[in-house]
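Chemist: Before we start, here is the structure in question, set down as structure tokens.
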Amino acid sequence: MYGVQRDPDQVSRSFSHHWKLMNLNHPNYGRNTGVSSYEWWKELVRRTFVTDSDELTKNQLDSISDHLYNLYKSNVCWKVEPGAEILLKHLKQKHIILGVISNFDERLDSVLKSNGLKSYFDFVLASYLVETAKPSKKIFDLALHQTGCVTASQALHIGDNVTLDYIAAKEAGWNALLFKRPHVDHESLKLVDPNDIVCDTKEIEKFVLYS
4 MYGVQRDPDQ
14 VSRSFSHHWK
24 LMNLNHPNYG
34 RNTGVSSYEW
44 WKELVRRTFV
54 TDSDELTKNQ
64 LDSISDHLYN
74 LYKSNVCWKV
84 EPGAEILLKH
94 LKQKHIILGV
104 ISNFDERLDS
114 VLKSNGLKSY
124 FDFVLASYLV
134 ETAKPSKKIF
144 DLALHQTGCV
154 TASQALHIGD
164 NVTLDYIAAK
174 EAGWNALLFK
184 RPHVDHESLK
194 LVDPNDIVCD
204 TKEIEKFVLY
214 S
């Protein structure tokens, strides 16, 4: 890409390492430290691709950053879970209030629109825009405020991260389901009620509509 060649495994390891550091030093995509989300991602790309053995030009880094930043607000880099749209349609037909609570930046709306999902949701909360992120109780309280009528005990949060989604929602007083991914840390599953674990969208629909 743009004259830059890297070993994919090396890039993946570098990205994971610097992602953790960036989140530690500039949490919530820089929102809390005065950094724009674009600059946050640009710096992450720079750290990911630059090594001690070579030097990339500023133009190369800028081109890669811009390309990836724009790519990740389209449907190219995202995969809709099989059955997700059917599930959302069924829930919408039952007049269930649906929302998104995501630790992401201002591109979230574009991601949902480009994947044909935005119209199903009554509200969308991107952590960068609302200045608070999971696992903070504040973002769950903001979601309840968006509904205008739902209490914490009536709300259900579904996510695939044990700490940020399941435990955070429970501590906020919500009901919660953990969407179990193949790569999930089995040790962390010990923190989850087995009855709160789902593996596909059909199980979610059964829980929401028939439990």
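In terms of this note's numbering, the sequence shown opens at residue 4 and continues consecutively. All C-beta atoms, glycine included, are put in the ideal place defined by N, C-alpha and C.
1) Can you list the beta strand (DSSP E) stretches of 3 or more residues lying completely in the stretch 169 to 210, in chain order?
2) State whether the stretch 71 to 89 contacts the stretch 98 to 115, with contact taken as three or more CB pairs (one from each stretch) at a distance under 8 Å.
3) So if DSSP puts Val-127 in a beta bridge, which residue, or which two residues, is it bridged to?
4) Going by the beta-carbon positions, is the gap between Ser-130 and Asn-31 smaller than 7 Å?
5) Indicate whether at least one CB of chain D lies closer than 7 Å to the CB of Ile-170.
6) Between Ser-15 and Phe-52, what straight-line distance do the alpha-carbon atoms span, to the nearest angstrom?
7) CB-CB under 7 Å to Phe-18, same chain, minus the five flanking residues each way: which ones, in chain order?
8) Less than 7 Å between C-beta atoms, sequence neighbours within five positions excluded: which residues of the same chain meet that for Glu-208?
9) Quick check on the DSSP output: what are the complete alpha helix (DSSP H) runs of length 4 or more inside the stretch 44 to 116, in order along the chain?
10) So, using beta-carbon positions, are Ala-136 and His-160 closer together than 7 Å?
Modeler: Straight from the coordinates:
1) 178 to 182
2) yes
3) Val-103
4) yes
5) Included in the structure is just one protein chain, with no chain D present.
6) 10 Å
7) Thr-51
8) Leu-90 and His-93
9) 61 to 74 and 87 to 96
10) no
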